[in-house]
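Numbering (my numbering), first residue to last: 2 to 209. Cβ coordinates follow ideal geometry from the N, Cα and C atoms, glycine included. For clarity, every value in this text was computed on a predicted model and none was experimentally measured. In what follows, a single structure is set out as structure tokens and then discussed.
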Ligand SMILES: Nc1ncnc2c1ncn2[C@@H]1O[C@H](COP(=O)(O)OP(=O)(O)OP(=O)(O)O)[C@@H](O)[C@H]1O
Ligand SMILES: [Mg+2]
């Protein structure tokens, strides 16, 4: 069976990390090989870039930030994602290019056309087979983040930033419905988990 590239995206606190365990259990139960990874990160260079970008002390304008995101992504694709897929292993990434459109494009108002140029340059036509967009209202995100203590460089942004970020996620998902599943992540955890498992089952043509 052809391996799939699956991404998990959504604003801060949407439940991406929480649901990785759900996904891991589903792959195990179906005896399907899978590699879990994340962006920015997933490689030594990528993790160094992640640290730099999430550090509240870092000063970077939006173009620098976007270039660094794609630099990390280039390495991630070359070193991790493409080799895994080529060897028959499914890949699940906690965030991918949608996050750049949403945060740098939506949140920081960089023209989406600029991001599309880098997307083509780095990815050519490569796209996820399935993107699970975990969607939550801003109020829920804020409430979840408030319980988490210290905030990274992005989490310190204001409400309007995250509203714009969420809207770009939703508009991309609505524009390409065959690639995206929008999941209401304000639902109880086990409801969200079941919805994710059903989406995986549909992709792989298996029972949930
Ligand atoms: N469906 C849910 N109902 C209630 N709380 C949830 C739900 N999903 C996740 N949470 C809680 O919300 C918080 C944020 O979840 P999580 O860290 O998985 O989000 P995330 O999308 O990975 O965020 P980030 O983008 O900041 O990494 C955690 O404390 C988690 O336990
Ligand atoms: Mg997370």
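Residues sharing a beta bridge with residue i, DSSP
i, result
"residue 183", "134"
"residue 91", "35"
"residue 7", "93, 131"
Same chain only: Cβ atoms within 8 Å of residue i, ignoring 5 sequence neighbours per side
i, result
"residue 197", "20, 23, 24, 27, 133, 184"
Cβ shell of residue i (< 7 Å), same chain only, five flanking positions each side left out
i, result
"residue 169", "102, 103, 106, 107"
"residue 138", "187"
"residue 162", "108"
"residue 18", "95"
Close-in-space but distant-in-sequence residues of the same chain around residue i (CB under 6 Å, 5 per side omitted)
i, result
"residue 141", "187"
"residue 153", "55"
Rounded Cβ spacing between residue i and residue j (contact assumed at less than 8 Å)
i, j, result
"residue 131", "residue 207", "No, residue 131 and residue 207 are not in contact; Cβ-Cβ is about 14 Å, not under 8 Å."
"residue 118", "residue 67", "10 Å between Cβ atoms; not a contact."
"residue 97", "residue 8", "4 Å"
Using the beta-carbon of each residue, find all residues closer than 5 Å to any heavy atom of ligand 1 and list them in chain order. 13, 14, 15, 16, 17, 18, 19, 145, 190, 193
Does the segment 72-86 touch the segment 140-156, meaning 3 or more C-beta pairs lie closer than 8 Å? no
Using a Cβ distance threshold of 8 Å, determine whether the segment 43-51 contacts the segment 166-186, with at least three qualifying pairs required. Taking a cut-off of 8 Å on C-beta distances, the segment 43-51 does not touch the segment 166-186, as fewer than three cross pairs fall below it.
Segment contact, 8 Å Cβ cut-off, at least three pairs: the segment 34-43 with the segment 61-77: yes
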